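Visitor: Note that full-length UniProt numbering numbers the sequence shown so that position 13 is 13, with each residue one more than the last. We treat Cβ as the ideally placed atom computed from N, Cα and C, and that holds for glycine. Remember, predicted model here, so these are calculated numbers, not experimental data.
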Amino acid sequence: MEGLTASEIAGFGVGTLLLCATIAAPKLDAFFSASQRSSLGMCKRCGDLRMVPCMKCKGTGSVKSNGPIDLSVMDNLYLVFGGAESKVKSIRCSKCQAKGHFRCPDCANISRV
């Protein structure tokens, strides 16, 4: 590690902090939203919508059939930057039968008046 300046080391530290913040952001958001919902007397998981999105298709009802190698990030970037139509086929989600959501397990059995 010889030859590194103080600004380079500081840059590595800032980059590490940004990476950690990026990884932790979804978990922190879920924690804060669940606490806000519970303080309002709502279901922590669905916010009284009584539906939760499918984790496999993320609520869209279809998944991309990429084969053994998943290049969905690169394919999405290619489409964003003006690429032609994608060669990846979308198939129906087998977990939710292409509905994109399930009944909330926390409040589906609770009858609210």
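In the DSSP assignment, what are the bridge partners of Pro-26?
Guide: In DSSP, Pro-26 forms no bridge with anything.
Visitor: Rounded to the nearest angstrom, what separates Lys-56 and Phe-12 at their Cα positions?
Guide: So the two alpha carbons sit approximately 35 Å from each other.
Visitor: What distance in whole Å lies between the Cβ atoms of Thr-60 and Gly-100, which are believed to be in contact at a cut-off of 8 Å?
Guide: Gly-100 to Thr-60, Cβ: 6 Å. Contact.
Visitor: Return the chain-ordered list of same chain residues with a C-beta closer than 7 Å to the C-beta of Ser-62, the five sequence neighbours on each side being excluded.
Guide: Taken in chain order, the residues that qualify are Ser-90, Ile-91, Arg-92, Cys-93 and Ala-98.
Visitor: Output the distance between the C-alpha atoms of Gly-47 and Ser-65, rounded to the nearest integer angstrom.
Guide: Approximately 32 Å, taken between the alpha carbons.
Visitor: In its own chain, which residues sit with a C-beta less than 6 Å from the C-beta of Lys-95, not counting the 5 before and 5 after it?
Guide: Same-chain partners within the cutoff: Cys-54 and Lys-56.
Visitor: Are Cys-104 and Arg-45 closer than 8 Å when you measure CB to CB?
Guide: For Cys-104 and Arg-45, yes; Cβs fall inside 8 Å.
Visitor: So, for Met-42: in the same chain, excluding its five sequence neighbours on each side, which residues have a beta-carbon less than 6 Å away from its beta-carbon?
Guide: Asp-48, listed in sequence order.
Visitor: Quick one: what's got a C-beta closer than 6 Å to Pro-26's C-beta in the same chain, skipping five residues either side?
Guide: Answer for Pro-26: no residue qualifies.
Visitor: Assign Pro-68 to buried or exposed, taking buried as 16 or more other Cβ atoms, counted over all protein chains shown, within 10 Å of its Cβ.
Guide: Only weak support exists for where Pro-68 lies, its pLDDT of 49 falling under 50; the value from the coordinates is given anyway. Exposed: under 16 other Cβ atoms inside 10 Å.
Visitor: Please go through the same chain and pick out, in chain order, the residues whose beta-carbon is closer than 6 Å to the beta-carbon of Ala-34, but skip the five residues on each side of it.
Guide: Excluding positions up to five away in sequence, the list reads Lys-44.
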